[in-house]
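As structure tokens, the structure follows; a few thoughts come after it.
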Amino acid sequence: MPGVDPWVLREALRRSAPTLVFYLVLLALYLAMPQYSQFIAMILFYAILGQAFNIFMGMTGYVDFGYVAFLASGAYAFSLAAIALSEAGVTGWIFIPVGLAFAAIVAATLASIVGAIALRLRGAYFAIATIGVNEGLRYFVEGANLLGGSIGLYIVKNLKALVGKEGYQLAATLLADLLMFLLAAVTVLVTGIILSSRLGYALQAIREDEDAARALGINVTKYKVTAFIISGMLGGMLGALNWALKGGVVEPAHVFMIHYTVEAIVIVMLGGAGTLLGPVFGAMTYIGLNYVSNVYIAPILESMGIKATGLHLIILAPILLAIIIAAPNGIVGLLKERIKNPRIRSFIT
Amino acid sequence: MEELLRVEGLESGYGEMQVLWGVSLKVQRGSLVVILGPNGAGKTTTLRSIMGIIRPWRGSITFDGEDVTKLPPHKKVPRGLVLVPEGRHLFPDLTVEENLLMGAYTRVGKEDLSDTLELVYSLFPRLKERRSQKAGTMSGGEQQMLAIGRALMAKPKLLMLDEPSQGLAPKIVGDILETLVRLREEQGLTILLVEQNIAQSLKIADYAYVLEQGRVVLEGTSSELLEKEDLVKAYLGI
Numbered sequence: 117m118p119g120v121d122p123w124v125l126r127e128a129l130r131r132s133a134p135t136l137v138f139y140l141v142l143l144a145l146y147l148a149m150p151q152y153s154q155f156i157a158m159i160l161f162y163a164i165l166g167q168a169f170n171i172f173m174g175m176t177g178y179v180d181f182g183y184v185a186f187l188a189s190g191a192y193a194f195s196l197a198a199i200a201l202s203e204a205g206v207t208g209w210i211f212i213p214v215g216l217a218f219a220a221i222v223a224a225t226l227a228s229i230v231g232a233i234a235l236r237l238r239g240a241y242f243a244i245a246t247i248g249v250n251e252g253l254r255y256f257v258e259g260a261n262l263l264g265g266s267i268g269l270y271i272v273k274n275l276k277a278l279v280g281k282e283g284y285q286l287a288a289t290l291l292a293d294l295l296m297f298l299l300a301a302v303t304v305l306v307t308g309i310i311l312s313s314r315l316g317y318a319l320q321a322i323r324e325d326e327d328a329a330r331a332l333g334i335n336v337t338k339y340k341v342t343a344f345i346i347s348g349m350l351g352g353m354l355g356a357l358n359w360a361l362k363g364g365v366v367e368p369a370h371v372f373m374i375h376y377t378v379e380a381i382v383i384v385m386l387g388g389a390g391t392l393l394g395p396v397f398g399a400m401t402y403i404g405l406n407y408v409s410n411v412y413i414a415p416i417l418e419s420m421g422i423k424a425t426g427l428h429l430i431i432l433a434p435i436l437l438a439i440i441i442a443a444p445n446g447i448v449g450l451l452k453e454r455i456k457n458p459r460i461r462s463f464i465t
Numbered sequence: 002m003e004e005l006l007r008v009e010g011l012e013s014g015y016g017e018m019q020v021l022w023g024v025s026l027k028v029q030r031g032s033l034v035v036i037l038g039p040n041g042a043g044k045t046t047t048l049r050s051i052m053g054i055i056r057p058w059r060g061s062i063t064f065d066g067e068d069v070t071k072l073p074p075h076k077k078v079p080r081g082l083v084l085v086p087e088g089r090h091l092f093p094d095l096t097v098e099e100n101l102l103m104g105a106y107t108r109v110g111k112e113d114l115s116d117t118l119e120l121v122y123s124l125f126p127r128l129k130e131r132r133s134q135k136a137g138t139m140s141g142g143e144q145q146m147l148a149i150g151r152a153l154m155a156k157p158k159l160l161m162l163d164e165p166s167q168g169l170a171p172k173i174v175g176d177i178l179e180t181l182v183r184l185r186e187e188q189g190l191t192i193l194l195v196e197q198n199i200a201q202s203l204k205i206a207d208y209a210y211v212l213e214q215g216r217v218v219l220e221g222t223s224s225e226l227l228e229k230e231d232l233v234k235a236y237l238g239i
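Protein chains in written order, with this note's numbering: chain P, 117 to 465; chain H, 2 to 239.
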């Protein structure tokens, strides 16, 4: 088992440390500048999304186009737990650990079912199959009128019943964000442990050449499914915190939106697949560019008479393309190439 | 001599398409056996089925006295059945030494890992010279040596090689085949080789099988087949 070997733990900490420091800085900024707290929380959401997605896509090279289904299943599971507890007359904060555990279990179950079937496919076939899972689940929930059907689940009143009005105010703001920081740290440490253990080496071998990995005696299916489940579980908890606890609403049209999966891919590719700092850099770059193109560049074009909805995306796309062409291994890959000083280099993980 | 590998009535293929129609072959411990055949005869499919990369449909595979027909590759490698796949399949961005260490992935504990590494380096001094070079930057012949070295890191009892001469200059092919002879003589390794290069591989092999359209159409000791070279050539279509 990974994690038993003290060397693996030390190595995992060494690799995780720079990224953890980044999250600490982000946390300090969050606490120090309340006016920007929601902007920072958005970066945090995308950083965790990238980080959790990276565990599977970055390490194995498989693109799961249905990844957002794990976030959705976690959000639904958390909501169901909150509803069940409040209806049973339970009060207090216990719903958070219970809800998160249930979210993790449901997402892991979904991941093991989807993984056991879809991971027999390779490349584009896997990607197509996973889109099908995501869209299929969404239309199943809507069509069969399950879990609130197309309206979804509104759990604000349940949350208020659980912890009171003021408790809910705290839960949906500061507490949800702090828990997200905690989840970010956990995701980074899990990634660090995987990268430092036999599992990580096996996954990278699979990413480089699956046939070679097989010929070397690596149980490729087992490792792929393991990474898929871990990645899905963390995604489930992210969906639970960000949508169910923080948002109080789980709408199928929103939580199954393929947009989030595509953004996760962009963030991982932008930052550097299979690295620890990559998703953080990717999320900051992506959100930053999105903001700049939306708030600064789009108005200039509009003042010149060019008006269109989603104009900023037309500006964003070529910038992203340029970055990917200039840094095909992502920002972290570029830094690794450029920085020769071995001391500084050892921090770029 | 005792039998290390016995394949009986092996049938296999891809999807609906059957490629092997009952292949039977034997490999004695310490021998060097070659499988010859034209393109599409099922040579690679035979090795991939023995290895378990594709699942055999029918027939049996016995290795070292144990029925391994249904075992997946990751359970065969620790038992000493190792394949050097066609086209080498190295990790191009890893260094030579990292590639070699990946070959020892299934070996639990590090007991004599460095001994095996030294053995590979003594067999292929070129790999030692280039131990920290990226595998993808080496010449074809060096890459093939690395692919063989990586397979040796798993401590095979039977080493299977799929067309190691593919795409290499004739002189390098000679070097590679010469290494196989040395491995067999100095290390007592048993080797099952798939080749298109008839003359050179019959020279080093003890026994040969000729496959055509998924069946063994001719077999015999190398000297027998060399005498029937015309027949072999007719089967191979050259």
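Don't be surprised by glycine CBs; every beta carbon is placed ideally from N, CA and C. In this text the structure is predicted, and so the values were computed from the model without any measurement.
Here Thr107/H carries a coil assignment [DSSP, helix/strand/coil].
Selection Leu184/H, Ala170/H and Lys135/H evaluated against Asn198/H yields Ala170/H as nearest (Cα-Cα). Counting only residues of its own chain and dropping the five nearest sequence neighbours on each side, Arg185/H has a CB closer than 6 Å to the CB of Leu33 and Ile192. Straight across, the Cα-Cα distance linking Lys172/H with Ala442/P is about 41 Å. For Ile192/H, the enclosing beta strand (DSSP E) begins and ends at Thr191 to Val195. For the stretch 238–288 of chain P, there is no continuous beta strand (DSSP E) assignment of 3+ residues that stays within its boundaries. Proximity of chain H to Asn261/P at the Cβ level (cut-off 9 Å) is not reached, the minimal Cβ distance being about 40 Å. When Cβ-Cβ separations below 7 Å define contact, Ala328/P makes contact with chain H. A direct Cα-Cα distance of roughly 18 Å separates Thr180/H from Ile36/H. Secondary structure at Val69/H: coil, using DSSP grouped into helix, strand and coil. Between Ile164/P and Ala292/P the beta-carbon gap is near 12 Å, outside 8 Å, which marks them as no contact. Interface with chain H (7 Å Cβ-Cβ cutoff): Gly333/P is included. For Asp180/P, the nearest beta carbon of chain H is not closer than 7 Å to its own beta carbon.
With a cut-off of 8 Å on Cβ pairs, the stretch 308–323 of chain P is not in contact with the stretch 73–84 of chain H, counting fewer than three such pairs. Contact with chain H is found for Glu324/P, since one of that chain's Cβ atoms lies less than 7 Å from the residue's Cβ. Contact between Leu101/H and Gly150/H holds, with the beta-carbon distance rounding to 6 Å and staying under 8 Å. For Phe181/P, no beta strand (DSSP E) segment is defined, and its DSSP state is neither H nor E. Scanning chain H for C-beta atoms nearer than 8 Å to the C-beta of Ala321/P yields Phe92, Met103 and Tyr106, reported in chain order. In the three-state reduction of the DSSP assignment, Leu21/H falls in the strand class, which pools E and B.
Judged by DSSP in its simplified three-state form, Asp94/H adopts coil rather than helix or strand. Here the C-alpha atom of Leu294/P lies approximately 23 Å from the C-alpha atom of Arg131/P. Counting only residues of its own chain and dropping the five nearest sequence neighbours on each side, Ile322/P has a CB closer than 6 Å to the CB of Thr176, Ala329 and Val336. Around the beta carbon of Gly404/P, fewer than 16 other beta carbons sit within 10 angstroms, so the residue counts as exposed. DSSP places Met158/P outside any beta strand (DSSP E); the residue lies instead in the alpha helix (DSSP H), whose first and last residues are Ser153 to Thr176.
Residue range Ile374 to Gly387 is occupied by the alpha helix (DSSP H) that includes Val378/P. Residue environment: Trp209/P is assigned as exposed (fewer than 16 neighbouring CB atoms within 10 Å of its CB, all protein chains considered). For Leu84/H, the neighbours in chain P by C-beta distance under 7 Å run, in chain order, Ala331. Cβ neighbours of His75/H within its own chain (closer than 8 Å, five residues either side excluded): Thr107. For Val78/H, the C-beta contacts it makes with chain P under 9 Å involve Ala331, Leu332, Gly333 and Ile334, in order along the chain.
Burial state of Glu228/H is exposed, judged by a 10 Å Cβ sphere holding fewer than 16 other Cβ atoms. When Leu237/P, Arg236/P, Ala188/P and Ala234/P are compared, the shortest CA-CA separation from Leu216/P is found for Ala188/P. In the DSSP annotation of this structure, Ile212/P is not part of any beta strand (DSSP E); the continuous alpha helix (DSSP H) holding it starts and ends at Phe211 to Ala234. Straight through space, the alpha carbons of Gly388/P and Leu286/P are spaced by roughly 35 Å.
Cβ-Cβ separation between Arg131/H and Val182/H: approximately 23 Å, too far for a contact (criterion under 8 Å).
Listed along chain P, the residues sitting closer than 8 Å to Pro74/H by beta-carbon distance are Arg330, Ala331 and Gly333. Taking Leu120/H as reference, the option from Ala152/H, Gln134/H and Ala136/H with the minimal CA-CA separation is Ala152/H.
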